[in-house]
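2 protein chains.
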Amino acid sequence: MTVRILVDGHGGDEAPDVVIDALTRVCADCGGAVELGIVGQRQVLQPLLAQAKLTDRVALIHADDVIGMCDSPAKVMRGKRNSSMHVGARQIKDGHWDAWVSAGNTGALMAVSKLVLRTLPGVDRPAIASLIPSMESASLFLDIGANVDCSPHHLLQFAQMGSCYMQVAEGIASPRVGLLNIGSEEIKGTEVVKEAGALLAEAEGIRYIGNVEATQIFQGVADVVVCDGFVGNVALKSMEGTAKLILNHLKHELKSAPVARIGAMLAGKALRRTKDALSPGEHNGAPLLGLNGVVVKSHGSADGHALACAIAVARREVEAGLLGRIRGAIEAT
Amino acid sequence: MTVRILVDGHGGDEAPDVVIDALTRVCADCGGAVELGIVGQRQVLQPLLAQAKLTDRVALIHADDVIGMCDSPAKVMRGKRNSSMHVGARQIKDGHWDAWVSAGNTGALMAVSKLVLRTLPGVDRPAIASLIPSMESASLFLDIGANVDCSPHHLLQFAQMGSCYMQVAEGIASPRVGLLNIGSEEIKGTEVVKEAGALLAEAEGIRYIGNVEATQIFQGVADVVVCDGFVGNVALKSMEGTAKLILNHLKHELKSAPVARIGAMLAGKALRRTKDALSPGEHNGAPLLGLNGVVVKSHGSADGHALACAIAVARREVEAGLLGRIRGAIEAT
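Quick look at the structure:
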């Protein structure tokens with residue numbers, strides 16, 4: 002089976018150069034198994050494709066507009082109907098392509114994808130998920146910002162969609178699902194979280210392991226961790242902020258004394274490997290789950306290798322029939 | 002003025018040794034300005050006080066029971082009315098002492114303190130606050146777990162209490178108050194957060210700077226950051242988990258190659274200083290705000306120096322009349 006993947010030419014901090022780099026990598030690695038397309042301004046992208054000798058391998062689909070990283074979803078919805086995000090989503094909806102990958106503005110990507118593709122039957126709210134690295138593996142964490150006010154039933158659906166994703170993307174037969182909470186006892190948490198715990202404990206097809214604290218995510222105790230989008234977004238940004246603070250502090254300290262500077266040079270590889278382990282890299286590719294179409298968000302700072310990883314995530318989702326699985330799981334409850 | 006401070010002899014990972022160490026430091030540093038007491042099992046504490054030559058300097062108040070770090074607040078409330086936490090809180094209530102410092106179980110400390118001391122007039126919910134280090138200074142972050150379901154009005158009171166604390170403890174005349182949210186625009190967030198934003202914008206005596214994202218806390222954009230206790234607890238644990246993951250990863254990488262090992266030895270001071278900057282240390286001492294009594298929580302892993310810092314926080318709160326200030330701020334609205 003050939004999987005047809007469309008990529009946003011204008012999403013991400015270093016677009017379109019990083020996008021061209023990623024497409025070059027995927028062409029080299031995947032041969033005929035993947036058919037590739039890029040969406041964006043013809044006048045910008047055509048010369049770059051020619052230069053990278055990709056003209057024959059990558060279809061170019063024109064879009065007039067570009068969505069900026071700071072454009073509000075509302076503005077995007079109203080004003081930029083010919084943006085690469087709109088055009089890409091419509092291409093998926095019309096069945097010309099199997100999956101859509103963008104490194105653009107997350108809020109806008111979700112808003113436009115929801116508008117154009119709609120949700121799968123039975124799904125109340127699509128969610129954005131992110132893989133959080135742990136010492137051994139990675140956990141899928143959702144929702145990370147698409148839905149701020151959630152009902153217990155929404156959290157149950159996040160658990161179902163997240164389980165399907167981890168089966169498909171990471172090959173885990175029966176993913177362990179945890180509920181993000183502030184303690185391990187069942188009596189902990191908000192009313193919504195307590196009710197969600199009761200729903201999850203009874204749900205069929207879900208391997209529910211109970212409450213998970215934020216510190217435990219990094220210990221890999223669960224394969225899927227669910228929470229509402231407000232809490233998830235705060236948690237994710239707390240993690241990012243802490244990582245940045247520590248690495249900046251370390252850099253500052255290592256520069257402050259000559260002996261430490263020599264030490265830093267010698268320890269440089271270890272520092273770089275730690276930074277790499279925490280950067281998007283191999284774990285890049287956040288799935289937008291519950292939409293009636295495969296959409297994968299790449300980190301805005303992803304390099305060519307990382308964006309190629311996000312494209313690989315999209316490919317796996319299509320090959321394993323993720324949409325059908327989610328549909329089945331939701332219909333079964 | 003002599004400030005009378007009572008310390009929990011059995012709170013924290015290394016109690017009572019760390020407590021004796023802290024009391025020794027405070028006696029040496031503060032002379033007669035501070036009167037000290039310790040609460041706990043006489044048979045355990047008396048020999049330690051004698052050994053440290055503190056018998057004449059530190060009053061010993063006996064308590065039969067000890068609350069474990071894993072005891073649930075409910076169990077503590079029902080079953081351990083003669084614990085050091087109960088006895089300490091009653092001593093404060095009865096006016097024998099001005100402030101109560103414990104490194105024990107946070108949930109139990111709040112539950113017992115609330116039961117015994119009650120809240121200040123007008124305060125709906127006491128909150129637990131924590132100082133989060135940034136590159137330049139530190140921000141007070143609250144609530145970090147005492148109140149999971151909060152109304153906009155509760156968040157307003159957290160802002161008022163946090164402002165009073167930062168005036169007193171850090172000497173900031175007009176502390177900048179931010180509302181933890183998932184974006185900078187006013188339309189972001191849950192319904193409760195949006196309403197809280199409107200209340201804060203109108204409140205007198207509060208220097209409200211608008212929404213603050215979790216990544217921004219570390220940039221020191223606000224002196225006080227408010228949120229509900231569920232979100233605050235998740236954020237704090239996300240920070241702790243990330244810090245641990247990074248430092249473990251770094252340690253692992255630094256051990257993996259001989260050259261890196263030499264580098265690590267040379268860079269060791271820088272690594273240690275980074276770890277120190279993120280550990281409780283100087284910023285130890287989380288105030289329980291809104292109670293009708295001064296209560297300060299020390300980190301469970303605090304060493305003698307850090308616990309002495311928490312005692313210093315309690316002293317500043319008493320000397321600056323924090324309770325009266327909070328009472329005034331709440332009454333004025």
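Here the protein sequences line up with chains A and B, keeping their order. The first sequence begins at 2 in my numbering and counts up by one. The second sequence begins at 2 in my numbering and counts up by one. Every residue gets a Cβ at the ideal spot worked out from N, C-alpha and C, and that includes glycine.
Look at A/Arg-119 here: in three-state DSSP terms it is coil, with no helix or strand label. Counting of Cβ neighbours within 10 angstroms places A/Gly-322 among the exposed residues, the total staying below 16. Chain-order list of chain B residues neighbouring A/Ala-147: empty, with the shortest C-beta distance near 10 angstroms, by a criterion of under 7 angstroms.
Taking a C-beta distance under 8 angstroms as the contact criterion, A/Ile-68 and A/Gly-41 do not qualify as a contact pair. In the DSSP annotation of this structure, the continuous segment of the alpha helix (DSSP H) that includes B/Ser-164 starts and ends at 153-171.
Membership of B/Ala-303 in any alpha helix (DSSP H) is not indicated, and neither H nor E is assigned to it by DSSP.
As for any beta strand (DSSP E) of minimum length 3 sitting wholly inside the stretch 234-290 of chain A, the runs are 287-290, ordered along the chain. Taken through DSSP and simplified to helix, strand or coil, B/Arg-177 comes out as strand. DSSP, reduced to helix, strand and coil, places A/Val-297 within a strand of the structure shown. DSSP, reduced to helix, strand and coil, places A/Val-213 within a strand of the structure shown.
Cα atoms of A/Gly-80 and A/Ile-312: separation of roughly 28 angstroms, rounded to the nearest angstrom.
By a beta-carbon distance limit of 8 angstroms, B/Ile-62 does not contact B/Gly-32. Their separation comes to about 22 angstroms. Residues of the stretch 69-96 of chain B with a C-beta atom less than 9 angstroms from some C-beta of chain A are Ser-73, Ala-75, listed in chain order. Straight-line spacing of the CA atoms in B/Lys-115 and B/Gly-230 works out to 16 angstroms. In the assembly as shown, A/Ala-197 is a buried residue. Its beta-carbon has 16 or more other beta-carbons within 10 Å. Checking the DSSP bridge columns, you'll see B/Pro-74 has no partner listed.
No Cβ of chain A is located within less than 8 angstroms of the beta carbon of B/Arg-58.
For A/Ala-268, the C-beta contacts it makes with chain B under 7 angstroms involve Leu-255, Ala-261, Gly-264, Ala-265, Ala-268, in order along the chain. The alpha-carbon of A/Asp-144 is positioned some 14 angstroms away from that of A/Ala-215. In the structure shown, B/Leu-61 falls within a strand segment according to DSSP collapsed to helix, strand and coil. Around the beta carbon of A/Gly-329, a 10 Å sphere encloses fewer than 16 other beta carbons of the protein chains shown; the residue is thus reported as exposed. Taking the Cα of A/Gly-211 as reference, the smallest distance to any Cα among A/Thr-107, A/Val-232, A/Gly-233, A/Ile-183 is reached at A/Ile-183.
Ranking A/Arg-326, A/Met-2, A/Arg-58, A/Cys-310 by CA distance to the CA of A/Met-167 puts A/Arg-326 first. What A/Lys-238 touches in chain B, judged by beta-carbon distance under 7 angstroms, is Glu-214, Ala-215, Thr-216, going in chain order.
Between the stretch 148-157 of chain A and the stretch 197-207 of chain B there are fewer than three inter-stretch CB-CB distances shorter than 8 angstroms, so the stretches are not counted as touching. Take B/Leu-248, set aside five residues on each side of it, and the residues of its chain with a beta-carbon closer than 7 angstroms to its own are Lys-276, in chain order.
By the neighbour-count criterion, in which a residue is buried when 16 or more other Cβ atoms sit within 10 angstroms of its Cβ, A/Arg-126 is buried.
With contacts defined as CB atoms closer than 8 angstroms, B/Asp-9 and B/Ser-131 fail to qualify as a contacting pair.
Contact annotation for B/Gly-242 against chain A: Ala-215, Thr-216, Ile-218, Phe-219 [CB-CB distance below 7 angstroms, chain order].
Per DSSP, B/Pro-48 has no beta-bridge partner at all. In the DSSP assignment, B/Leu-37 falls within the unbroken beta strand (DSSP E) covering 35-41. Annotation for A/Ile-93: the continuous alpha helix (DSSP H) segment containing it runs 85-94. Put simply, the backbone Cα of B/Ile-6 is about 10 angstroms away from that of B/Gln-92.
Among the residues facing chain A, B/Asp-150 is included, as its CB has a counterpart in that chain under 8 angstroms away. For B/Asn-249, a Cβ of chain A is located within less than 8 angstroms of the residue's own Cβ.
At a cut-off of 8 angstroms, the C-beta of B/Phe-159 has no neighbouring C-beta in chain A.
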